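For what it's worth, the working numbering labels the leading residue of the sequence shown as 236, then goes sequentially. Glycine included, every Cβ here is placed at the ideal spot set by N, Cα and C. If you're wondering where the values come from, they're calculated on a predicted model, not measured in any experiment. Working notes, beginning with the structure itself.
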Amino acid sequence: MRRRVPSLLALLLTALAALLFAAPPASAHTELESSAPKDGARLPHTPATVRLTFSEPVEPADVHIKAAGKQLAVSRGDHGNDAIEVTVPKISEQEQRKNRGDLTLVWQVLDMEDGHLTSGTLSYRLTAKAGPSARAATLPEPSEAVHTAWVAVRWAGYLSLALFVGGLAFLALLWPRGAWDRRTRRVLALSWAAGLAASLLAPGLQGAYGTMGTLGAVFRPGTYADLLNTEVGVVAACRVLMWVLAAIALAALLQGGDRAARSP
């Protein structure tokens, strides 16, 4: 009976991991459907607020909007769960000259289901006269380095999961004595460590990318705190917990392999 315990633990872990880490079904990502004022509108002055309506419900914490490099305040408003309002500060005459009379809002929204980031811009022409035009200010853009690192870490996590769960299932079902093999132990331990590291880094990279931050933002506690307030952050925390629990199943399986190797 004792020899069956590690196998049962490994099978239970495999089932839980498959449920938690299974890829979500393909679905349309969150997209911007409309805005008020409309994109491209000519306005006499800076609008006090701009309303953005998306294709599905969004959380204000998942929407990031900047103007001239400055993060703007976002709130729910009273137009439904699929709409948010952003407060736009009044643009000074000097800033208006720099932007050649244009107001550009750079927005990003994080999909609540799969964590996909969608971004775009809204541009408005301010018709109030300003002084001579100057060089337009550079608009903030998502960091390519952060995006590349995020994709690499996610793939590393998927590969580690496949190797770890597949290895546990193989040992539990087909080769219990393999748990005594030194190379097998090393592979399982490395895949577990890589999976845990990927689960810890991925939320920070996702949060940094969503806020148009740099790689340095990955290690800021605030980046993780903001993401943990969302559904995507809760799933990420559950993945970290799953890897911690996986260490218990791995230890139990290896102990079972020790007993199997010593038995005649």
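- In the assembly as shown, V381 is a buried residue. Its beta-carbon has 16 or more other beta-carbons within 10 Å.
- Assignment of A484 by DSSP, reduced to helix, strand and coil, places it in the helix class.
- Here the C-alpha atom of T356 lies approximately 9 Å from the C-alpha atom of Q343.
- Residue environment: E320 is assigned as buried (16 or more neighbouring CB atoms within 10 Å of its CB, all protein chains considered).
- In the structure shown, the three-state DSSP call for G402 is helix.
- By the CB criterion at 8 Å, L340 and T281 fall outside the cutoff.
- For V298, same chain residues with a beta-carbon under 6 Å away, outside a window of 5 residues either side, are V309, I319 and V344 in chain order.
- By the neighbour-count criterion, in which 16 or more other beta carbons inside 10 Å mark a residue as buried, V479 falls on the exposed side.
- In terms of CA proximity to K325, A283 leads the group A283, D317, H351 and D313.
- Taking all protein chains in view, the Cβ of D313 is surrounded by fewer than 16 other Cβ atoms within 10 Å, so the residue is classified as exposed.
- Residue burial annotation: V386 is exposed, with fewer than 16 other C-beta atoms found within 10 angstroms of its C-beta.
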